[in-house]
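A short worksheet on the structure shown next.
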Amino acid sequence: MEEKSENDKMHSSLSLERISDDLFMIFENEIMFQRYYPPKESIEKRTDEYFEQKSKEMEMESGEFKDSEIELLKNRIFKDILPAFSEYRQIKDSYLEGIEKRSLLKYIGFTMLFLETLEAIFLKTGAFAPPTLIASVLFEICLGAAIYRVKNLTDQGKTVAAKEHFFATVHNTQESLYTDIEYSEYQHKKGTDQIVSEINVLLKKYDNKDHFWDDFIKIRKHDPTTRKSFEKLNTPKFAEFTLLHFDDKYNSQIRKIRYDELFKQAELYFKNKQ
Numbered sequence: 019m020e021e022k023s024e025n026d027k028m029h030s031s032l033s034l035e036r037i038s039d040d041l042f043m044i045f046e047n048e049i050m051f052q053r054y055y056p057p058k059e060s061i062e063k064r065t066d067e068y069f070e071q072k073s074k075e076m077e078m079e080s081g082e083f084k085d086s087e088i089e090l091l092k093n094r095i096f097k098d099i100l101p102a103f104s105e106y107r108q109i110k111d112s113y114l115e116g117i118e119k120r121s122l123l124k125y126i127g128f129t130m131l132f133l134e135t136l137e138a139i140f141l142k143t144g145a146f147a148p149p150t151l152i153a154s155v156l157f158e159i160c161l162g163a164a165i166y167r168v169k170n171l172t173d174q175g176k177t178v179a180a181k182e183h184f185f186a187t188v189h190n191t192q193e194s195l196y197t198d199i200e201y202s203e204y205q206h207k208k209g210t211d212q213i214v215s216e217i218n219v220l221l222k223k224y225d226n227k228d229h230f231w232d233d234f235i236k237i238r239k240h241d242p243t244t245r246k247s248f249e250k251l252n253t254p255k256f257a258e259f260t261l262l263h264f265d266d267k268y269n270s271q272i273r274k275i276r277y278d279e280l281f282k283q284a285e286l287y288f289k290n291k292q
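The sequence shown maps to residues 19 to 292 in the working numbering.
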């Protein structure tokens, strides 16, 4: 029960949904102004600034907003949430642009022109004749206004659907984030037993510490996440250690934990060998 409450506490302090709501409101309020006054900074830059401010607030309030948690949260925001907002933003911009360009008078005018043309054709053949001019004009005005309204509602519906898709993405991403956090905590609390075992196997392959550090620097610098990128580094002894880094099986935060542990263990290993 205590463990569950700790998880709940962690989740409440790391609510991607709450932060996404904040960011959505910030960016949503700027949309109208940005059409005429483009911002000097990208949404990515402003998101970074938001996290800097948020982490300071959380640290002052409770000291529970860990750097590792911030990193996991930011990764998810940048990977999933900002692209979803950009998609929504594109649809919303298109809607606003359509509203600006769309004119009720034009819709009525084109409708009247179209119907008058049809009437002229039918009148010529005697197949159709409007009972009165006033009734015809009123009908054309109402029809043009109705078409204008339907077009606006259709575009508005697309915007609403895009907004719902954005928040559905947020909800689904929050669930994935919980798993990332719990796994990261699990690996950390576990004392990285599995990592230590992998590290021992790796270090035994090196008789010369300089060779190890040369390979380690290459791996750490490039952080390969595909077999192809790994093979380019020509560090075959790291093959087993980096295997689970491929294809996003470990996110960047978990890979960092593994590299940090490898660095510590390697220093001790080669120091004891002297």
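Each residue gets a CB set at the ideal place from its N, CA and C atoms; glycine is no exception.
Keep in mind the model is a prediction, meaning the values are calculated, not measured.
Can you tell me which of the three DSSP states L251 falls into? The residue you call residue 251 lines up with position 233 of the sequence shown. Coil at L251, not helix or strand.
Quick one: using the 10 Å Cβ neighbour count with 16 as the cut-off for buried, is G144 buried or exposed? Start at 1 with the first residue of the sequence shown, and residue 144 comes out as number 126. Low confidence applies to G144: its pLDDT is 47, below 50, so where it sits in the model is not reliable, and the reading given next is rough at best. With fewer than 16 other Cβ atoms within 10 Å, it is exposed.
Does DSSP classify N170 as helix, strand or coil? Residue mapping note: residue 170 aligns to position 152 of the sequence shown, counting from 1. Residue state, collapsed to three classes: helix.
Selected residue, minimal CA-CA separation from D265, among P254, F248 and T253: Start at 1 with the first residue of the sequence shown, and residue 265 comes out as number 247. Of P254, F248 and T253, the residue nearest in Cα terms is F248.
What is the rounded straight-line gap between the Cα of T135 and the Cα of I37? For the purposes of this step, residue 135 is identified with residue 117 of the sequence shown, where counting begins at 1. For the purposes of this step, residue 37 is identified with residue 19 of the sequence shown, where counting begins at 1. Distance between the alpha carbons of T135 and I37 is about 56 Å.
Closer than 6 Å by C-beta to Y287: which residues in its own chain qualify, once you throw out the five before and the five after it? Chain order, please. Taking the sequence shown and counting its residues from 1, one reaches residue 287 at position 269. Closer than 6 Å at the Cβ level, and outside the excluded window around Y287, lie L221.
CB contact flag (A102, H183, <9 Å): Along the sequence shown, one-based indexing puts residue 102 at 84. Along the sequence shown, one-based indexing puts residue 183 at 165. Going by C-beta atoms, A102 is nearer than 9 Å to H183.
Near Y277, what residues of its chain come up, given a Cβ to Cβ distance below 7 Å and the 5 sequence neighbours on each side ignored? By 1-based counting over the sequence shown, the position of residue 277 is 259. Cβ neighbours of Y277 beyond the five flanking positions: R238.
So does the segment 109 to 127 actually touch the segment 167 to 178, counting three or more Cβ pairs closer than 8 Å? yes
Looking at the structure shown, is P101 part of a helix, part of a strand, or coil, going by DSSP? Counting from 1 along the sequence shown, the entry for residue 101 is found at position 83. Helix, per DSSP.
If I follow the unbroken alpha helix (DSSP H) through Q292, where does it start and stop? Looking up residue 292 in the sequence shown gives position 274. Run containing Q292: none; DSSP gives neither H nor E here.
At least three beta-carbon pairs within less than 8 Å, the segment 227 to 237 to the segment 253 to 268: yes
Helix, strand or coil at Y224 [DSSP, three-state]: Here the question's residue 224 lines up with position 206 in the sequence shown. Coil at Y224, not helix or strand.
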